[in-house]
Ligand code: DAH
């Protein structure tokens, strides 16, 4: 609405205003005009135009009122005009300022809403792997043996026949080598070509570390040796050409067969639970005398040989499961490491970890340990 519509371009005299009541009415009209326009102001640019229209120094409405109504007013009306103008100015200024603040916070809110970070949204999930079940079982076994004073040593996976066989009292052509006749490495000839290179093979068991440890260390010795071993085996549900063992060796001045059985039983009950029963059967290993096979009552059928009314499929009704080989260290072995067989004694054991893991976790195919199928691995986080 142009300002002429409310008579801003004329003097009050020209508008026929002669009494203060008319002045008040005129100002009321202007104010209503302001209030009407004011409702249309919503954003910053509208607000600026509006402010200039009303408060602009040169031609804003309030300036026009000052110039056209107040200044030329008659002496009788001047006071009323001045007072009305002050009131109008106060109203206009507060309203305009209030609208500015409202638009500003409104804009901030819009900006905030636009840039808001929603902390409740899930972040980028980086999948974290877990330790392989075999590693976990190694750890369980290590923890049990740690708790009774054993320490952990590890050794080379490439061995000499001396450590893998001879020093363990397995001379060349000994029939037990048949089982382990295995992966020899093809080596380049020695540089001077005079000597044949020392043959090397992938170790067939962790037992060589018995020798390596005793060579370096005087008794007492209490160690376990977790590690990978290799044999020329065809893969099936219970065989693999690479598998895992934990070797154990305890040698001291006063170790008896009782210490041996107590230690092994303690381990088995910690590992499988207190309800399993244990038994020894005589066996033979070149590096132990006497040698035993160590069995546990079948953890699947509770040592009954039957489950759900039929023959237990795990122990095939035998009620016992063969766990590992062990025995008292054969005195001949001490001869290879300069221990005095008359003064010391000890026991050793060697267990297949894949087998233990399969028994404990109900796994019926050793191959799953090596296939790295995440659907299997995820079952053991
Ligand atoms: N080294 C044997 C194997 O791999 C297992 C074994 C048996 C280890 C008896 C021992 C032991 O230390 O005393 O078949």
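Numbering (our numbering), first residue to last: 16 to 396. Where is the CB? At the ideal position from N, CA and C, for every residue including glycine.
{"Check": "Consult DSSP for residue 174 and reduce its assignment to one of helix, strand or coil.", "Outcome": "strand"}
{"Check": "Measure from the alpha carbon of residue 273 to the alpha carbon of each residue in 199, 296, 362, then state which is nearest.", "Outcome": "362"}
{"Check": "Does the ligand DAH have a heavy atom nearer than 6 Å to the CB of residue 300?", "Outcome": "yes"}
{"Check": "Confirm the yes/no value for this check: CB of residue 320, any heavy atom of the ligand DAH, distance under 6 Å.", "Outcome": "no"}
{"Check": "With 16 as the cutoff for other CB atoms within 10 Å, does residue 220 come out buried or exposed?", "Outcome": "buried"}
{"Check": "Would you identify the three-state DSSP class for residue 197, choosing helix, strand or coil?", "Outcome": "coil"}
{"Check": "Quick one: what does DSSP say residue 305 is sitting in, helix, strand or coil?", "Outcome": "strand"}
{"Check": "Measure how close the beta-carbons of residue 384 and residue 241 come, nearest whole angstrom, since I'm counting them as under 8 Å.", "Outcome": "With 8 Å as the limit, residue 384 and residue 241 do not qualify as a contact, their Cβ atoms being about 14 Å apart."}
{"Check": "Provide the residue span of the beta strand (DSSP E) that contains residue 260, from first to last.", "Outcome": "257-267"}
{"Check": "When the Cα atoms are used, what is the spatial distance from residue 127 to residue 133?", "Outcome": "11 Å"}
{"Check": "Report yes or no: do three or more beta-carbon pairs, one from the segment 261-270 and one from the segment 300-314, lie closer than 8 Å?", "Outcome": "no"}
{"Check": "Given this structure, state the Cα-to-Cα distance separating residue 105 from residue 125, to the nearest angstrom.", "Outcome": "30 Å"}
{"Check": "What are the residues that DSSP puts in a beta bridge with residue 318?", "Outcome": "BP columns for residue 318 are empty, so no partner."}
{"Check": "Is it true that the segment 333-341 meets the segment 239-255, where meeting means three or more beta-carbon pairs spaced less than 8 Å apart?", "Outcome": "no"}
{"Check": "Would you check if the segment 287-297 and the segment 387-396 touch, i.e. whether three or more CB-CB distances between them fall below 8 Å?", "Outcome": "no"}
{"Check": "Can you determine whether any heavy atom of the ligand DAH sits closer than 6 Å to the C-beta of residue 138, and answer yes or no?", "Outcome": "no"}
{"Check": "Using a Cβ distance threshold of 8 Å, determine whether the segment 273-282 contacts the segment 246-257, with at least three qualifying pairs required.", "Outcome": "no"}
{"Check": "Which whole-angstrom value is the C-beta distance of residue 262 and residue 225, which I expect to be below 8 Å?", "Outcome": "7 Å"}
{"Check": "Relative to the C-alpha of residue 234, which residue among 176, 116, 360, 196 is closest?", "Outcome": "360"}
{"Check": "Taking the beta carbon of residue 353 as the centre, do at least 16 other beta carbons fall within 10 Å, making it buried, or is it exposed?", "Outcome": "exposed"}
{"Check": "Nearer than 6 Å: is that true of the beta carbon of residue 15 relative to any heavy atom of the ligand DAH?", "Outcome": "Because the chain in this structure spans residues 16 to 396, residue 15 falls outside the shown range and cannot be described."}
{"Check": "Is the Cβ-Cβ distance between residue 142 and residue 176 less than 7 Å?", "Outcome": "no"}
{"Check": "Sorry if obvious, but does the Cβ on residue 293 come closer than 6 Å to a heavy atom of the ligand SAM?", "Outcome": "What this structure holds is the ligand DAH, not the ligand SAM."}
{"Check": "Quick check: does the Cβ of residue 189 come within less than 6 Å of any heavy atom belonging to the ligand DAH?", "Outcome": "no"}
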